[in-house]
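Contents: one structure, followed by commentary.
Number of protein chains: 2
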Amino acid sequence: MSRSLDFLTEALRRLPGIGPKSAQRMAFHLLQHDREGAAMLSRALYQAVDTVHHCAMCNTFSDTEVCELCADESRERALLCVVETPADQMMIEQTLTYKGLYFVLMGRLSPLDGIGPRDLHLDKLVGRASDGVVEEVVLATNFTNEGEATAHYISEMLKARGLKVSRLARGVPVGGELEYVDAGTIARAMLDRRSA
Amino acid sequence: MSRSLDFLTEALRRLPGIGPKSAQRMAFHLLQHDREGAAMLSRALYQAVDTVHHCAMCNTFSDTEVCELCADESRERALLCVVETPADQMMIEQTLTYKGLYFVLMGRLSPLDGIGPRDLHLDKLVGRASDGVVEEVVLATNFTNEGEATAHYISEMLKARGLKVSRLARGVPVGGELEYVDAGTIARAMLDRRSA
Ligand SMILES: [Zn+2]
Ligand SMILES: [Zn+2]
Numbered sequence: 108m109s110r111s112l113d114f115l116t117e118a119l120r121r122l123p124g125i126g127p128k129s130a131q132r133m134a135f136h137l138l139q140h141d142r143e144g145a146a147m148l149s150r151a152l153y154q155a156v157d158t159v160h161h162c163a164m165c166n167t168f169s170d171t172e173v174c175e176l177c178a179d180e181s182r183e184r185a186l187l188c189v190v191e192t193p194a195d196q197m198m199i200e201q202t203l204t205y206k207g208l209y210f211v212l213m214g215r216l217s218p219l220d221g222i223g224p225r226d227l228h229l230d231k232l233v234g235r236a237s238d239g240v241v242e243e244v245v246l247a248t249n250f251t252n253e254g255e256a257t258a259h260y261i262s263e264m265l266k267a268r269g270l271k272v273s274r275l276a277r278g279v280p281v282g283g284e285l286e287y288v289d290a291g292t293i294a295r296a297m298l299d300r301r302s303a
Numbered sequence: 108m109s110r111s112l113d114f115l116t117e118a119l120r121r122l123p124g125i126g127p128k129s130a131q132r133m134a135f136h137l138l139q140h141d142r143e144g145a146a147m148l149s150r151a152l153y154q155a156v157d158t159v160h161h162c163a164m165c166n167t168f169s170d171t172e173v174c175e176l177c178a179d180e181s182r183e184r185a186l187l188c189v190v191e192t193p194a195d196q197m198m199i200e201q202t203l204t205y206k207g208l209y210f211v212l213m214g215r216l217s218p219l220d221g222i223g224p225r226d227l228h229l230d231k232l233v234g235r236a237s238d239g240v241v242e243e244v245v246l247a248t249n250f251t252n253e254g255e256a257t258a259h260y261i262s263e264m265l266k267a268r269g270l271k272v273s274r275l276a277r278g279v280p281v282g283g284e285l286e287y288v289d290a291g292t293i294a295r296a297m298l299d300r301r302s303a
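Protein chains in written order, with our numbering: chain A, 108 to 303; chain B, 108 to 303.
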């Protein structure tokens, strides 16, 4: 039909979760109804590949050597919160309860996917946490098996270097009805119960 | 965080069916794991917007003035099959039962979406079907309300110009078990029954 259209359909399949049917539908839509959007997406991709790097301090995506948050003088530099992704970081920022800095792993330990400590650049985290200013590292990886294993590994590594390491509290979610919370969460909430 | 990343996330939302969460996940994935794919998609989009036009004869997407299929001398030029989309055309091609040419509407009449005869460029179809070579126009729009209405409108228009117009047969799908076929299909199959 059209070689350029085939190439576009093929390229759209590089997007996660997009199969051949979806890619075709997207290509048709862009060419028939939104060429302006297609041109804009082309520019955005080019620009992002060209300019987005990893922040030298926190490892998150940044257009500058050090990201805005790390450069913000009003943040507490003695606190370092470790998260798996920029999305997790944004969630914590939205709570407005944390005023320290971050380190973004950009992943988690996942032996099944072949992601080990070296792939996660944990040496960068160790260097960052050992700057002499950081006093406490708060581990905020997910409470999944992989997130827990990642937290455990990092915890051992940093404690061996004399750093104070903490973990987000586990328990029943705010608004959570016990009837609908899984047993593991309730068990953990029971073990971690606090005086009321 | 990163202006380039925000721009990319925004641009990805121009893809049909992609919400804010999916766009973010796609942007992260491309920048973290597949910058080569991102650069390839950027080029594919640019190239497609730049080179994909509509075939002067059949209206489908084409890199050339007249598409390969329309230029193929081995196709029967007296038969013209009208379909809604390039995907529909490909489905018919896969059956290997049709050797004529096509006209691709690139849509359907849809008053609710504000798509009338003028938006579908039906004048282009009339001109194409009236070239003196086409003898029969086979309407292969979908058997949906909108597809049926589109077929009806085109049929009236072309018959008024003395052209022979036919429609794909309706009936029980091959391999269809009556128990699982909807009543409307069975009713139509009964009305259109043929001697066995
Ligand atoms: Zn940073
Ligand atoms: Zn053509």
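Backbone N, C-alpha and C define an ideal beta-carbon position, used for all residues, glycine too.
Proximity to residue i [Cα-Cα], best of the options
i: Gly269/A; options: Asp238/A, His140/A and Thr251/A; result: Asp238/A
i: Glu255/B; options: His161/B, Val190/B, Ala130/B and Arg182/B; result: Val190/B
i: Val156/B; options: Tyr153/A, Asp141/A and Thr167/A; result: Asp141/A
i: Glu143/A; options: Gly144/B, Arg120/B and Met133/B; result: Arg120/B
i: Ala130/A; options: Lys206/A, Gln139/A, Leu137/A and Thr116/A; result: Thr116/A
i: Val240/A; options: Met213/A, Ser217/A, Leu246/A and Met164/A; result: Met164/A
i: Val233/A; options: Ser149/A, Ala267/A and Thr248/A; result: Ala267/A
i: Lys230/B; options: Ile261/B, Thr167/B and Gly214/B; result: It is Asp, not Lys, that sits at residue 230/B in the sequence shown. Nearest option by C-alpha distance: Ile261/B.
i: Leu203/A; options: Pro123/A, Val281/A and Arg182/A; result: Arg182/A
i: Leu176/A; options: His160/A, Val159/A, Glu200/A and Val245/A; result: Glu200/A
i: Thr248/A; options: Arg225/A, Gly214/A and Lys271/A; result: Gly214/A
i: Thr192/A; options: Ala145/B, Arg132/B, Ser111/B and Arg150/B; result: Arg132/B
i: Cys188/A; options: Met197/A, Asp195/A and Tyr209/A; result: Tyr209/A
i: Lys271/B; options: Gly291/B, Val244/B and Ala290/B; result: Val244/B
i: Met108/A; options: His160/B, His259/B and Ala118/B; result: His160/B
i: Ser169/B; options: Tyr205/B, Val211/B, Ala134/B and Ser149/B; result: Val211/B
i: Gly278/A; options: Arg235/A, Ala294/A, Arg150/A and Gly124/A; result: Ala294/A
i: Glu263/B; options: Pro224/B, Asp220/B, Tyr153/B and Thr167/B; result: Pro224/B
i: Gly283/B; options: Ala151/B, Ala178/B and Ala296/B; result: Ala296/B
i: Met197/A; options: Val288/B, Asp113/B, Leu298/B and Thr171/B; result: Asp113/B
Residue-chain proximity (residue i, chain A), Cβ-Cβ < 8 Å
i: Cys174/B; result: yes
i: Tyr205/B; result: no
i: Arg182/B; result: no
i: His259/B; result: no
i: His136/B; result: yes
i: Arg287/B; result: Correcting the residue type first, residue 287/B is Tyr in the shown sequence and not Arg. No, because no Cβ of chain A sits closer than 8 Å to the Cβ of Tyr287/B.
i: Leu153/B; result: Strictly speaking, residue 153/B in this sequence is Tyr, with Leu absent from that position. So yes, Tyr153/B belongs to the interface.
i: Ser237/B; result: no
i: Asp195/B; result: no
i: Arg268/B; result: no
i: Val281/B; result: no
i: Arg110/B; result: yes
i: Leu115/B; result: yes
i: Ala178/B; result: no
Under the three-state DSSP convention, the category residue i falls into
i: Gly214/B; result: coil
i: Val233/B; result: helix
i: Lys206/A; result: coil
i: His160/B; result: strand
i: Leu176/B; result: helix
i: Ala118/A; result: helix
i: Leu227/A; result: coil
i: Glu183/A; result: strand
i: Phe168/A; result: strand
i: Arg142/B; result: helix
i: Arg132/A; result: helix
i: Arg274/A; result: strand
i: Ile125/A; result: coil
i: Glu243/B; result: strand
Cutoff 8 Å: residue i Cβ touching any chain B Cβ
i: Arg121/A; result: yes
i: Ala163/A; result: no
i: Met198/A; result: no
i: Thr192/A; result: yes
i: Leu212/A; result: no
i: Gln201/A; result: no
i: Arg225/A; result: no
i: Arg215/A; result: no
i: Val156/A; result: yes
i: Gly221/A; result: no
i: Ala146/A; result: yes
i: Val244/A; result: no
i: Asp170/A; result: yes
i: Leu232/A; result: no
i: Val159/A; result: yes
If you measure from each residue's Cβ to the nearest non-hydrogen atom of ligand 1, which ones come out under 5 Å, in chain order? The answer, residue by residue, is Cys162/A, Met164/A, Cys165/A, Cys174/A and Cys177/A.
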